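Student: Pasting a structure below so you can have a look.
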Amino acid sequence: MKVLEEKHKLATRWFHWINFPILTLMIASGMLIYWSYDPYRIGLGDITLFHFFPDWFYDATHIDHKLAYGMALHFLFAWIFSFNGLAYVTYTVVSGEWRELAPEKKSFAEALQVVKHDMGLKVPLPPQGRYNAAQRITYSAIVVMGGLSLLTGLAIYKPAQLSWLTALLGGYEWARWEHFWLTMSYLGFFGIHIGQVIRAGWANFRSMICGYDVADATPEVKTHAG
Ligand code: HEM
Numbered sequence: 005m006k007v008l009e010e011k012h013k014l015a016t017r018w019f020h021w022i023n024f025p026i027l028t029l030m031i032a033s034g035m036l037i038y039w040s041y042d043p044y045r046i047g048l049g050d051i052t053l054f055h056f057f058p059d060w061f062y063d064a065t066h067i068d069h070k071l072a073y074g075m076a077l078h079f080l081f082a083w084i085f086s087f088n089g090l091a092y093v094t095y096t097v098v099s100g101e102w103r104e105l106a107p108e109k110k111s112f113a114e115a116l117q118v119v120k121h122d123m124g125l126k127v128p129l130p131p132q133g134r135y136n137a138a139q140r141i142t143y144s145a146i147v148v149m150g151g152l153s154l155l156t157g158l159a160i161y162k163p164a165q166l167s168w169l170t171a172l173l174g175g176y177e178w179a180r181w182e183h184f185w186l187t188m189s190y191l192g193f194f195g196i197h198i199g200q201v202i203r204a205g206w207a208n209f210r211s212m213i214c215g216y217d218v219a220d221a222t223p224e225v226k227t228h229a230g
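Residue 186 in our numbering sits at position 182 of the sequence shown, and the numbers go up by one each step.
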């Protein structure tokens, strides 16, 4: 007999689906700010080996000089991003769900096993709870990154009023650099996350929307419908 099994909690789904478009807007508006003045490059002294966005990029897209627009969007959505993130962390702590999310001692060895298995190598999957070891590490890291984006963002938003925070992060220039690289890391995360979602299949994606998955009835399964 098939039954419906609760997979993703209502609160988790709300926090996730609010975060997804907001994070996308934070990245897009942040890039509008960056494109109005883009100092980062790879080089030695005066020699530049690689500039992140070369001139032809701006000639083709006309995407630069949108600082005011980028800042207006960024500082509006920063509030929603921050409140949603803080509410999510509070929820996971109060509900005790953090226990299923935080990496354990064995998570790093197990995550390696999961990666090898996902790469198609003949390695058995370690026992899966609600979240496997790789997911525990990735999802906890992304929460920490969110907190760091907030802190580095505040440090460059109010460097005079929050001078202690800016100093703690290495000064204004460093805080800005950290803020930028966190953004690049989100892009890396997106790539891996979307790949994992596609790999996990349609049923998993559907349950991230409606909360339930169809499973075979076993005595251990929590059933909600026949
Ligand atoms: C995940 C969320 C966020 C992302 C992806 C993000 C991304 C970015 C990026 C790419 C830039 C341009 C960096 C540069 O030009 O070097 C930027 C600038 C900035 N961000 Fe964020 N940010 C986020 C959250 C926040 C938060 C929560 C605040 C808090 C107020 C904030 C405040 C700022 C400020 C003040 C600037 C610089 C504006 C300026 O140059 O005048 N950001 N952000």
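We put the CB at the ideal spot given by N, CA and C, even for glycine.
All figures in this text were calculated on a predicted structure; none of them were measured in a lab.
Roughly how many angstroms lie between the CA atoms of G100 and F194, to the nearest whole one?
Tutor: By 1-based counting over the sequence shown, the position of residue 100 is 96. By 1-based counting over the sequence shown, the position of residue 194 is 190. Each residue's alpha carbon lies about 27 Å from the other.
Student: Hey, L71 and S33: beta-carbon distance below 8 Å or not?
Tutor: Walking along the sequence shown from the start, residue 71 turns up at place 67. Walking along the sequence shown from the start, residue 33 turns up at place 29. Not in contact: L71 and S33 (Cβ atoms no closer than 8 Å).
Student: Mapping DSSP to helix, strand and coil, what is K6?
Tutor: Start at 1 with the first residue of the sequence shown, and residue 6 comes out as number 2. Here K6 sits in strand by DSSP.
Student: For D68, which residues of its own chain have a beta-carbon under 7 Å away from its beta-carbon, when the five flanking residues on both sides are left out?
Tutor: Locating residue 68 in the sequence shown gives position 64, counting from the first residue. Taken in chain order, the residues that qualify are W39, S40 and Y62.
Student: Using CA coordinates, which residue listed in Y161, I160, L116 and G174 is at the minimum distance from T142?
Tutor: The sequence position of residue 142 within the sequence shown is 138, counting from 1. The candidate whose alpha carbon is nearest that of T142 is L116.
Student: Return yes when the C-beta of L154 is under 7 Å from any heavy atom of ligand 1, and no when it is not.
Tutor: On the sequence shown, residue 154 is found 150 positions in, with the first residue counted as 1. For L154, the shortest C-beta to heavy atom distance toward ligand 1 is below 7 Å.
Student: Which residue comes first and which comes last in the alpha helix (DSSP H) that contains R45?
Tutor: As a position in the sequence shown, residue 45 is number 41, starting the count at 1. Bounds of any alpha helix (DSSP H) do not take in R45; it lies within the beta strand (DSSP E) bounded by R45 to L48.
Student: List, from N- to C-terminal side, the alpha helix (DSSP H) runs of 4 residues or more that fit wholly inside the segment 110-148.
Tutor: Every alpha helix (DSSP H) of 4 residues or more that sits fully in the segment 110-148 is shown, in chain order, as 111-122.
Student: Please find out if some non-hydrogen atom of ligand 1 comes closer than 7 Å to the beta-carbon of S189.
Tutor: Working through the sequence shown from its first residue, we reach residue 189 at position 185. Because no heavy atom of ligand 1 lies under 7 Å away, the Cβ of S189 does not count as near it: no.
Student: What's the call for F87, buried or exposed, on a 16-neighbour Cβ count within 10 Å?
Tutor: Here residue 87 refers to the residue found at position 83 when the sequence shown is read from its first residue. Counting Cβ neighbours within 10 Å, F87 comes out exposed, since fewer than 16 surround it.
Student: Confirm the yes/no value for this check: CB of L169, any heavy atom of ligand 1, distance under 7 Å.
Tutor: The residue given as residue 169 occupies position 165 in the sequence shown. Of the heavy atoms belonging to ligand 1, none sits nearer than 7 Å to the Cβ of L169.
Student: Considering Cα atoms alone, identify which of F81, R17 and S153 is closest to I26.
Tutor: Position 22 of the sequence shown holds residue 26. Checking every option, the nearest Cα to that of I26 belongs to F81.
Student: Is M30 near ligand 1, judged by its Cβ being under 7 Å from some heavy atom?
Tutor: Taking the first residue of the sequence shown as 1, we reach residue 30 at position 26. The answer is yes for M30.
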